[in-house]
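In the numbering used here, the protein residues as written are 7 to 424.
Backbone N, C-alpha and C fix where the C-beta goes; we use that ideal spot for every residue, glycine too.
Working notes for the structure below.
Right under this line is the structure:
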């Protein structure tokens, strides 16, 4: 009598399951280590896909085209911006850096003249200066500063110049990032559903809620941070033009870019502006009304006001309160991110910390048998009113050529029915 095979596949024992999970985890770790050079473009592609998705949704809503065509339009706009912005911005920045290098000896002389007389504060406090010691120190320091500025400036100009020659080597990486992000945007729903299917059924609801919270965190940070960079850069550029501050464009670009660095960014952005105010006060009509020292103080105060305006007005309205990170945690995260992933670790320190906090909080609640989502509702991430206004403005500026005979698809259909 032959033995009949079992009707269904026998289940694995708990030990077998644990062994398989350990083997899979080890293999995944080995694969990630072997292809670690591809992690950076993959992360950049994921960020790019996340950032460009709202533009794609906007195109679909305004033009009623299918999603694939909307993706193509969005990437054409992105490529045009990648070509136009460096050409239009880098040239003025290079010119201003070159002018600053050429005028460095004059700035050094101005510093020497500034310290020739005692520093008087409010015509009450007078700080005397030891001229003999100052002259001895200044003579050696001035030559060092001139050499340093010229070397650093020359290297900076060389970097800008090498961008043109390095284009061919960077085109491959840029194409890879665009290629990966294109398919991430195109098939993101299928990819996400595939990941959900890997999660045990009883934990899929928790997984969806947790990923929704993480999505809100990254949604608030990435898109909001870009708006903050643009807002701070424009605000400073307008103020610099009003007070006729030299090198307004490059200082505004620095102020905007430094917003990407948590906590330290605004402080680092203020340093070059204060130095320009001290060294080139005569070039500004405001600087001519006061001493270079007080013009530098005024510049520091302006930066402080912009920073406070950003923290108490812009950040709550643009990013919201989803991160809620203590400054000390951000500082530690920035230092850890710099040691682990360099510049990318610095830029993404805040959302990574917020994400880890969500995951660890979920683990803690499960370990202590508490409800992990007591007050959370599964709803789409809320859009800031400012973000909605910016989306509407982008729609009016970019999508106007796609209207048909003066009407959008929606208006045309309504008129035909009427």
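Can you give the Cα-Cα distance for residue i and residue j, rounded to whole angstroms?
i	j	result
residue 230	residue 262	13 Å
residue 20	residue 362	29 Å
residue 377	residue 370	10 Å
residue 315	residue 293	24 Å
residue 221	residue 281	41 Å
residue 273	residue 234	16 Å
residue 172	residue 180	Because the pLDDT at residue 172 is just 46, under 50, the model does not fix this residue reliably, and the point stays unresolved.
residue 56	residue 188	11 Å
residue 216	residue 368	8 Å
residue 279	residue 89	28 Å
residue 306	residue 50	34 Å
residue 52	residue 15	39 Å
residue 213	residue 27	19 Å
residue 32	residue 77	37 Å
residue 295	residue 72	60 Å
residue 30	residue 373	24 Å
residue 428	residue 265	Any property of residue 428 remains undetermined from this structure, which presents the chain solely from 7 to 424.
residue 74	residue 285	54 Å
residue 203	residue 83	35 Å
Classify residue i: buried if its beta carbon has 16 or more other beta carbons within 10 angstroms, exposed otherwise.
i	result
residue 68	buried
residue 185	exposed
residue 178	exposed
residue 345	exposed
residue 413	Any answer about residue 413 is weak, because its pLDDT of 44 lies below 50 and its placement is not dependable; what the coordinates show is given next. Classification for residue 413: exposed.
residue 277	exposed
residue 210	exposed
residue 322	exposed
residue 329	buried
residue 425	Any question about residue 425 goes unanswered here, given that the chain covers just 7 to 424.
residue 17	exposed
residue 87	exposed
residue 425	What is shown of the chain runs 7 to 424, which leaves residue 425 out entirely.
residue 283	buried
residue 207	exposed
residue 39	exposed
residue 23	exposed
Quick check on this structure: which residue in the options has the alpha carbon closest to the alpha carbon of residue i?
i	options	result
residue 191	29, 352, 62 and 18	62
residue 244	257, 234 and 82	257
residue 324	308, 310, 368 and 225	225
residue 246	32, 18, 45 and 308	308
residue 218	331, 39 and 379	379
residue 334	312, 268, 311 and 26	268
residue 228	260, 360 and 240	360
residue 43	182, 84 and 331	182
residue 320	206, 237 and 47	237
residue 58	41, 80 and 37	80
residue 351	46, 283 and 24	46
- Query: In chain order, which continuous runs of the alpha helix (DSSP H) of length 4 or greater are located wholly inside the segment 271–352?
  - Reply: 298–315 and 321–324
- Task: Could you tell me whether the segment 330–339 touches the segment 351–366, using the rule of 3 or more Cβ pairs below 8 Å?
- Result: yes
- Count the C-beta pairs between the segment 240–255 and the segment 288–296 that are closer than 8 Å, then say yes if the count reaches three, no if not. yes
- Message: Would the segment 298–314 count as touching the segment 196–205 if we require 3 or more Cβ pairs under 8 Å?
- Response: no
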